[in-house]
Amino acid sequence: MLTGKNLIAGEPVDSAHGRFSGAGTLTAFEEASAAHVDRALDEAAGASLELRRAPAAQRAAFLDRIAEEIEHLGDLVDIANRETALPPERLAGERTRTTGQLRLFASVVREGSWVDASIDRALPDRSPLPKPDIRRMLIPIGPVAVFGASNFPLAFSVAGGDTASALAAGCPVVVKAHPAHPATSELAARAVIKAAKATGLPPGVFSLLQSTRHDVGTALVQHRHTKAVGFTGSLRAGRALFDAAARRPDPIPVYAEMGSVNPVFLLPGALAERAEAIADGLAASVTLGVGQFCTSPGVVVGVQGEPFDRFTRRLENLIRQAPTGTMLYPALLDAYEAGVERLSALDGVEAVRSLALVAATGASARPSVLEAAAPAFLRHHELRAEVFGPSTVVVRCGSNDEMNAVARALDGQLTAAIHGTAADLAAHAGLLSVLEDKAGRLLVNGFPTGVEVCASMQHGGPYPATTDSRSTSVGTAAIVRFARPVAYQNFPQTSLPPELQDANPRGIWRRVDGAMTRDALPAAGAR
-10 MLTGKNLIAG EPVDSAHGRF SGAGTLTAFE EASAAHVDRA LDEAAGASLE LRRAPAAQRA
50 AFLDRIAEEI EHLGDLVDIA NRETALPPER LAGERTRTTG QLRLFASVVR EGSWVDASID
110 RALPDRSPLP KPDIRRMLIP IGPVAVFGAS NFPLAFSVAG GDTASALAAG CPVVVKAHPA
170 HPATSELAAR AVIKAAKATG LPPGVFSLLQ STRHDVGTAL VQHRHTKAVG FTGSLRAGRA
230 LFDAAARRPD PIPVYAEMGS VNPVFLLPGA LAERAEAIAD GLAASVTLGV GQFCTSPGVV
290 VGVQGEPFDR FTRRLENLIR QAPTGTMLYP ALLDAYEAGV ERLSALDGVE AVRSLALVAA
350 TGASARPSVL EAAAPAFLRH HELRAEVFGP STVVVRCGSN DEMNAVARAL DGQLTAAIHG
410 TAADLAAHAG LLSVLEDKAG RLLVNGFPTG VEVCASMQHG GPYPATTDSR STSVGTAAIV
470 RFARPVAYQN FPQTSLPPEL QDANPRGIWR RVDGAMTRDA LPAAGAR
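Using our numbering, read the sequence shown as starting at -10 and increasing by one per residue.
Dropping the structure here:
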């Protein structure tokens, strides 16, 4: 039932700009053009004001209905498996995560306090000047362009976290599907379209563009109606979109999640207690999903000694015995193999690779561990860059000072993990302070793969992990990326948004004259 067409404002639209095929799909897909970008964003701009004014209950119902429609796509997991080679079990879990985060954002919209309402009431008798009545809250930023990710065909793609958070904020969305899984993208897009119709929202709230061409992505970012961008992918592509947005006459924010090596630091007490167990957990984390996670641990750091030797011996043996795995698409495999070969050739680096035979198709990646002393790691910046796939770099330090130097040399990261006892953590407080400056999420005695979708999650970090370290692409705080503050001064009650009216008809939490409250306010003369 696939159309193979671009879906603009709820309707399939013809294209004469060529076709492309995703792996294992039943049809070819039409390439979008600049005209499709114009049409999609014109429709989005037309729907923007209506979506902003839609009651919170309607927007929440829209998100809930998208989740229901995705659950009713009986062949979604099968088609995603054929396109990406990700196991059905993994994809079923990802669908659950996708629908769960849609429903989570629906609950945030219903509750309403996310708008961060703040009220400072007038003091007409204040001397020497009266104080005006000022009320502030977040409103939708406008149409958002979302770029689907290759490694999460559901949770970070068409109806994933960027789309969910933008729609929750009240912003229309135009998605550029990832060309590695176009059929999966069309199915998810049709679920969003059906949900919009069922909940009475204008069709321009959502469009899907299919394309393999970089110029289509650039056109999306630079279109006059686009007000923000959500992206998950490589540093090269994310930076290109960021630069394109900066070249606009009116620059816009690009929330790009990009490269990260997610360092793991092994402290002496933890190594003495459980060196082999840490190696077991690390090997599992490195090879999970063929290493195709943005939080895969790509650097491991410890101080040399007998416990560290036990750890490295165990890790090497596990990597040698690890099976190969099929990566998402051939270009990723090529980049992975080239990256491992490039690092292996560096002076002072030794490589251990899986002994498993590569499948006859040539599409399988062999897990790898590369080892270097701290001076070589500090000398070769390439060792500190992400190699997307099942590999990690083990760094052997001669002292705690050298370990701290390695930490300071790292770029910005999504995560940083520390394995240590309570005494270790107290003794290495300086290392913790360095890592606070380097990463968005710090873990103790765990591994970074696995990101919980919740209010307290931070999935973002200093550049190059993301283009804005203040933002997150996972969790409910992601909604504020697609909103901007507006202050209303001396407005009559009837002209204020409900969230700022004295009666507080939505019952949300607000900061009133500096104090948090959900209470309605008395009339001005009754204070």
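Backbone N, C-alpha and C define an ideal beta-carbon position, used for all residues, glycine too.
Integer-rounded CB distance, given that residue j should sit under 8 Å from residue i
i: residue 305; j: residue 341; result: 5 Å
i: residue 491; j: residue 478; result: Going by Cβ atoms, the distance from residue 491 to residue 478 rounds to 15 Å, so no, they are not a contact pair.
i: residue 40; j: residue 194; result: 5 Å
i: residue 45; j: residue 99; result: 6 Å
i: residue 151; j: residue 219; result: 3 Å
i: residue 406; j: residue 432; result: 4 Å
i: residue 313; j: residue 383; result: Not confirmed; about 21 Å, so no contact.
From the options, residue whose alpha carbon lies closest to that of residue i
i: residue 29; options: 321, 222, 354 and 212; result: 212
i: residue 297; options: 206, 170, 360 and 274; result: 360
i: residue 422; options: 184, 412, 396 and 409; result: 396
i: residue 364; options: 382, 380, 391 and 371; result: 391
i: residue 155; options: 79, 31 and 94; result: 94
i: residue 222; options: 189, 239 and 243; result: 243
i: residue 281; options: 203, 141, 388 and 471; result: 141
i: residue 144; options: 119, 173 and 163; result: 173
i: residue 188; options: 485, 404, 49 and 247; result: 49
i: residue 58; options: 378, 16, 179 and 313; result: 179
i: residue 262; options: 21, 111, 26 and 434; result: 434
i: residue 56; options: 76, 309 and 89; result: 89
i: residue 153; options: 471, 480 and 503; result: 471
i: residue 512; options: 110, 7, 411 and 77; result: 110
Beta-carbon contacts of residue i that lie in its chain and below 7 Å, excluding the five residues immediately before and after
i: residue 400; result: 373 and 453
i: residue 231; result: 243, 245 and 456
i: residue 487; result: 494 and 495
i: residue 215; result: 30, 132, 134, 209 and 241
i: residue 34; result: 132 and 214
i: residue 205; result: 21, 26, 165 and 198
CB contact check: residue i to chain D, cutoff 8 Å
i: residue 81; result: No chain D appears in the structure shown, which is made up of a single protein chain.
Residues near residue i by beta carbon distance below 6 Å, same chain, minus five either side
i: residue 532; result: Here the chain covers residues -10 to 516 and nothing more, so residue 532 does not appear.
i: residue 23; result: 208
i: residue 316; result: 279, 322 and 354
i: residue 103; result: 97 and 468
i: residue 139; result: 167, 169 and 317
i: residue 510; result: 491
i: residue 404; result: 251, 284, 428, 430 and 437
i: residue -8; result: 1
i: residue 378; result: 280, 325 and 354
i: residue 73; result: 142, 170 and 317
Distance CB(residue i)-CB(residue j) smaller than 8 Å
i: residue 413; j: residue 268; result: no
i: residue 127; j: residue 166; result: no
i: residue 169; j: residue 11; result: yes
i: residue 106; j: residue 507; result: no
i: residue 255; j: residue 289; result: yes
i: residue 307; j: residue 176; result: no
i: residue 274; j: residue 311; result: no
i: residue 465; j: residue 444; result: yes
i: residue 159; j: residue 497; result: no
i: residue 108; j: residue 489; result: yes
i: residue 429; j: residue 449; result: yes
i: residue 335; j: residue 371; result: yes
i: residue 125; j: residue 356; result: no
i: residue 249; j: residue 329; result: no
i: residue 54; j: residue 148; result: no
i: residue 264; j: residue 225; result: no
Continuous alpha helix (DSSP H) stretch holding residue i: start and end
i: residue 153; result: 150 to 158
i: residue 28; result: 23 to 42
i: residue 325; result: 319 to 333
i: residue 306; result: 295 to 310
i: residue 15; result: From DSSP, residue 15 is part of no alpha helix (DSSP H); its letter is neither H nor E.
i: residue 60; result: 45 to 60
i: residue 165; result: That residue, residue 165, is in no alpha helix (DSSP H); its beta strand (DSSP E) goes 162 to 165.
i: residue 373; result: From DSSP, residue 373 is part of no alpha helix (DSSP H); its letter is neither H nor E.
i: residue 258; result: 257 to 276
i: residue 86; result: 77 to 100
i: residue 208; result: 203 to 211
Start-to-end residues for the beta strand (DSSP E) that takes in residue i
i: residue 4; result: Unbroken run through residue 4: none, as it is neither H nor E.
i: residue 517; result: Residue coverage of the chain in this structure runs from -10 to 516, which leaves residue 517 outside it and unanswerable.
i: residue 406; result: 402 to 408
i: residue 145; result: Careful: residue 145 lies outside any beta strand (DSSP E) and carries neither H nor E.
i: residue 471; result: Unbroken run through residue 471: none, as it is neither H nor E.
Contact set for residue i: own chain, Cβ-Cβ below 8 Å, skip 5 residues either direction
i: residue -10; result: none
i: residue 266; result: none
Heavy atom of the ligand FMN within 7 Å of residue i beta-carbon
i: residue 178; result: In terms of ligand content, the structure shown is empty, and the ligand FMN therefore cannot be addressed.
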